[in-house]
Amino acid sequence: MSEPKVKRRRILIVDDEEILTKTFSMLLERSGYEVYVAKNGQDALAMAGEESFDLVICDIRMPGLNGVETLKAIRSGSGENANAELPVIFITGFADEKTEQEASTLKPAGYLYKPFDNVNLLSLVKETLTDERSNC
Amino acid sequence: MNDQIVDYINPDMDLRSKIHLYRKSMEDIEHCLELKPHEWGRFQSRFNQELNSVFRDLMEYEKKCFAEGQEEKIYKLKNLFVRRVRKNFLKGEYTVWSLEKPYGYAGDHKIIDDIYRNEPRTMGVDRLYDNYFQMSSISVAVRNRKDDFNRKLIEFLKQHRQKDRLRIMNLASGPCRDLAELHADPPFDLSNITFECVDHDERALGYASNLLNGASNVRFRRESAIRIALKHDIKMLFPETYDYIYCLGLFDYFDSRVSMRLVKNLRQLLRPGGVLAISNVYDKYSNPSIYFMEWVGDWNLVYRSQEDFENIFVEAGFSPKDLTIGYEQQGIMQYVFAVKRGS
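If you're matching them up, the sequences are chains A and X in order. Going letter by letter, the first sequence gives residues 1 to 136 in this note's numbering. Going letter by letter, the second sequence gives residues 1001 to 1343 in this note's numbering.
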């Protein structure tokens, strides 16, 4: 008898740094997650409008919509994929103090520090998605 | 102008020295061009060499880091460059636009049409940068891509124009310069062909509509390519089918998963015998000027091997034998022309 198919947890990475998104998505895909990458806030909003995600990993500082604006818009979105509690991990490093402060009001599950926080990334993602599942 | 700036750059010097000498050299050039801004042409060749020299070092460093699996090193150098060095290269209309992204995303219709038109207007030092931007291999490739796709489209239309009506979709249509050129000098009667230009940006559609003023067979539709890609029932969004769907540049920004889903949905929108024509950047390491675009202009693209690019189409439902591969003249861009079989 075949094993029932387990739905892979879906993660949206929002960052315009190609090296970083490549590294992060490769690591997460290898760990069994289904990863989507958006290069900016607008693309992330379009993706979140069509797909439901279990977690967003988002850079705070981006051209156009910054990470805080992007997450606020995703969380307040309408439609069947709307999720006001959607967990977020912010990628930080070069954001200004005001934006960092604003980000903290969105109760992120954690922060990742640029350049590469690979070890932290995996443990933080696992921790966040386990917590989120147990809260369901 | 004194010729003392000649040979500032020694090819054996390290990156730090090259940047230092580049700065000194630019001070001299700027001083001279402040007095005679129209004489930029005297410095262009030397300027190109010096910039290429700096960015060639960055390119070699990145290649080395990737080969050794040390992406972190290149990332750190890039951040150092962005914070401390980039300002020294931030001149010229195009580079500043590219970095600031006034429309919120890279590769908007304005900068793409600037590249198509290739008519720098600035003077003095800014002109040196604008010329460098326009001469860069990636800008040349963008212009070649437009011409290549136009040729392919005309070829297709010539073969199929006996049909009652042909329906063409230009996805992520941007400025629609290609269609404007086609309509300005039509190789045959285009009246039985409907062109649908789809773009997520209202400003791009407005710009293109002005450019194509009077073309009654061109329609404009605002829609996000991501939405098209991820839509579970694409027919709800696009009830019509198309004979030819083409898309320039868009896949340079999408990861493989989104790209595959986009191709899958576009395939559904094709009529039997219809063609899907897509481009993607291929070779990053052919010219150091690409690093000027990425590190100074913060314009980053997703480069793919031919195998990875073809796999997107195969995973989306095309058979490998239905794919034809093409290349842009410099080998920087690759194209796939995929035919949907069936009756």
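All C-beta atoms, glycine included, are put in the ideal place defined by N, C-alpha and C.
Could you please give the first and the last residue of the uninterrupted beta strand (DSSP E) stretch that includes residue i?
i: X/C1247; result: 1242-1247
i: X/S1017; result: First-last for X/S1017: 1015-1035, but that is the alpha helix (DSSP H), not the beta strand (DSSP E).
i: A/R10; result: 10-14
i: X/F1188; result: Careful: X/F1188 lies outside any beta strand (DSSP E) and carries neither H nor E.
i: A/V88; result: 88-92
Mind checking residue i: buried by the 16 CB within 10 Å criterion, or exposed?
i: A/T105; result: exposed
i: X/R1261; result: buried
i: X/K1340; result: buried
i: A/R139; result: Outside the shown range of chain A (1 to 136) lies residue 139 of chain A, about which nothing can therefore be said.
i: X/M1333; result: buried
i: X/K1087; result: exposed
i: X/G1092; result: buried
i: X/A1106; result: buried
i: X/A1172; result: buried
i: X/E1196; result: buried
i: A/D16; result: buried
i: X/E1068; result: exposed
i: A/I11; result: buried
i: X/K1158; result: exposed
i: X/K1163; result: exposed
i: A/M26; result: exposed
What three-state label does DSSP hand residue i in the structure shown?
i: A/T105; result: coil
i: X/V1314; result: helix
i: X/D1003; result: Because X/D1003 sits at a pLDDT of 39, beneath the cut-off of 50, its placement in the model cannot be relied upon, and the point is left open.
i: X/N1280; result: strand
i: X/M1333; result: strand
i: X/N1010; result: Its pLDDT being 44, under 50, X/N1010 is placed unreliably in this model, and the value from its coordinates should be taken loosely. Note: X/N1010 maps to coil in three-state DSSP.
i: A/C136; result: Bear in mind that the predicted position of A/C136 carries a pLDDT of just 48, short of 50, making it too unreliable to give a figure here.
i: X/P1120; result: coil
i: A/Y113; result: strand
i: A/G64; result: coil
i: X/L1157; result: helix
i: X/V1302; result: coil
i: X/D1108; result: coil
i: A/D59; result: strand
i: X/G1297; result: coil
i: A/E127; result: helix
i: X/D1164; result: coil
i: X/V1231; result: This sequence places Lys at residue 1231 of chain X; Val is not what is there. In this structure, X/K1231 counts as coil in the three-state DSSP scheme.
i: A/G77; result: coil
By the DSSP assignment, the alpha helix (DSSP H) with residue i in it spans what residues?
i: A/T21; result: 18-30
i: X/S1053; result: 1044-1067
i: X/Y1132; result: 1124-1135
i: X/L1099; result: 1093-1100
i: X/A1180; result: 1177-1184
i: A/G49; result: 41-50
i: X/V1258; result: 1256-1269
i: X/Y1075; result: 1071-1080
i: X/L1237; result: 1234-1237
Look at the alpha carbon of residue i and the alpha carbon of residue j, and state the distance between them as a whole number of angstroms.
i: X/L1080; j: X/H1020; result: 15 Å
i: X/A1208; j: A/K107; result: 43 Å
i: X/E1202; j: X/R1222; result: 7 Å
i: X/V1142; j: A/T130; result: 46 Å
i: X/G1041; j: X/T1122; result: 12 Å
i: A/G110; j: A/L122; result: 12 Å
i: X/S1137; j: X/M1293; result: 10 Å
i: X/W1097; j: X/D1148; result: 26 Å
i: X/D1252; j: X/S1305; result: 12 Å
i: X/K1146; j: A/E85; result: 44 Å
i: X/H1200; j: X/S1224; result: 4 Å
i: A/K142; j: A/F24; result: What the structure shows of chain A is the stretch from 1 to 136, and residue 142 of chain A is not part of that stretch, so it cannot be assessed.
i: X/Q1329; j: X/N1150; result: 15 Å
i: X/R1117; j: X/S1289; result: 19 Å
i: X/I1005; j: X/S1025; result: Because X/I1005 carries a pLDDT of 35, less than 50, the predicted location of this residue cannot be relied on, and no value is offered for it.
i: A/G138; j: X/E1039; result: With chain A covering only 1 through 136, there is no way to say anything about residue 138 of chain A.
i: X/E1307; j: X/Y1244; result: 23 Å
i: A/G49; j: X/L1237; result: 14 Å
i: X/G1331; j: A/I19; result: 23 Å
i: X/S1286; j: X/Y1022; result: 22 Å
i: A/K126; j: A/T70; result: 23 Å
i: A/D117; j: X/N1300; result: 21 Å
i: X/V1302; j: X/P1320; result: 22 Å
i: X/Y1242; j: X/L1269; result: 6 Å
Across which residues does DSSP place residue i in a beta bridge pair?
i: X/M1169; result: X/E1196, X/I1245
i: X/E1039; result: For X/E1039, which the question treats as bridged, DSSP gives no partner whatsoever.
i: X/R1221; result: X/V1198
i: X/I1226; result: Answer is none; X/I1226 lacks a bridge partner.
i: X/L1323; result: X/A1338
i: A/Y36; result: A/L12
i: X/V1275; result: X/Y1244, X/V1339
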